[in-house]
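Report on the structure given below.
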Amino acid sequence: MKLPLEAVHALKHQRTKARGFVWHSRTGRPLQRRNVSKAFDWAQIGLKDTDRLNLHGLRRTAATLMLTAGQPVHEVARYLGHSPQVLLTSYSHVLRGRQEHVASTTSALLNPQRSSEAESERSFRGANDEIGPKAAQNPSTFAASCGIRWATNRD
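Going by numbering that gives the first Met the number 0, the sequence shown opens with residue 0, and the numbers climb by one from there.
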């Protein structure tokens with residue numbers, strides 16, 4: 000499985016001081032599931048109940064973020080150890096918002112002149128079809144509403 004670059008760096012750093020397991024108990028033995036869950040809960044002390052997650056919720060959040068970032072369904076499914084069919088059963092609601100992006104991309108392929116006019120109009124709209132300065136208050140939301148995927152040096 001390919002890991003994010005940050006995870007690779009963390010594992011390389013950990014390897015310099017680890018004996019066997021990446022995460023282990025004080026005695027060097029494997030962590031017990033209930034202790035991992037307790038530690039995760041403890042780390043969330045002070046958060047509102049509505050903001051708290053369990054470990055499976057963290058996994059679901061990662062899947063949702065990958066899908067909304069435009070990662071292909073089959074790649075996210077493989078990363079999570081699912082088939083695309085299983086992934087779509089659980090996450091189809093996440094992909095509904097991508098339909099506008101697919102429609103505008105198809106429009107651009109079929110009629111480049113018309114799509115550039117639509118893109119210039121859409122560039123002034125925010126997540127709630129707001130026009131003007133409010134649209135620029137949250138760049139991530141604005142970019143997503145325009146079908147823009149942020150590029151990084153790892154893309």
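All residues carry an ideal CB built from backbone N, CA and C; glycine is no exception.
With respect to G80, H100 sits apart: the two C-beta atoms are not nearer than 9 Å. P29 carries a strand assignment under DSSP once its states are collapsed to helix, strand and coil.
In this structure, the straight-line span from the alpha carbon of I44 to that of A6 is close to 25 Å. Rounded to whole angstroms, W22 and N110 show a C-alpha spacing of 54 Å.
Per DSSP, the unbroken alpha helix (DSSP H) holding H12 starts and ends at L4 to R14. Beta bridge pairing from DSSP links H23 with P29. CA-CA distance, R51 to Q31, rounds to 21 Å. Linking F20 to V35 through their CA atoms gives a straight-line distance of about 14 Å. Assignment of G56 by DSSP, reduced to helix, strand and coil, places it in the helix class. Relative to S24, the option among H12, K11 and A38 whose CA is nearest is A38. Here DSSP, grouped into helix, strand and coil, assigns A42 to helix.
Around the beta-carbon of V85, fewer than 16 other beta-carbon atoms lie within 10 Å, marking it exposed.
Nearest C-alpha to D40 among H55, G27, P71 and V75: H55.
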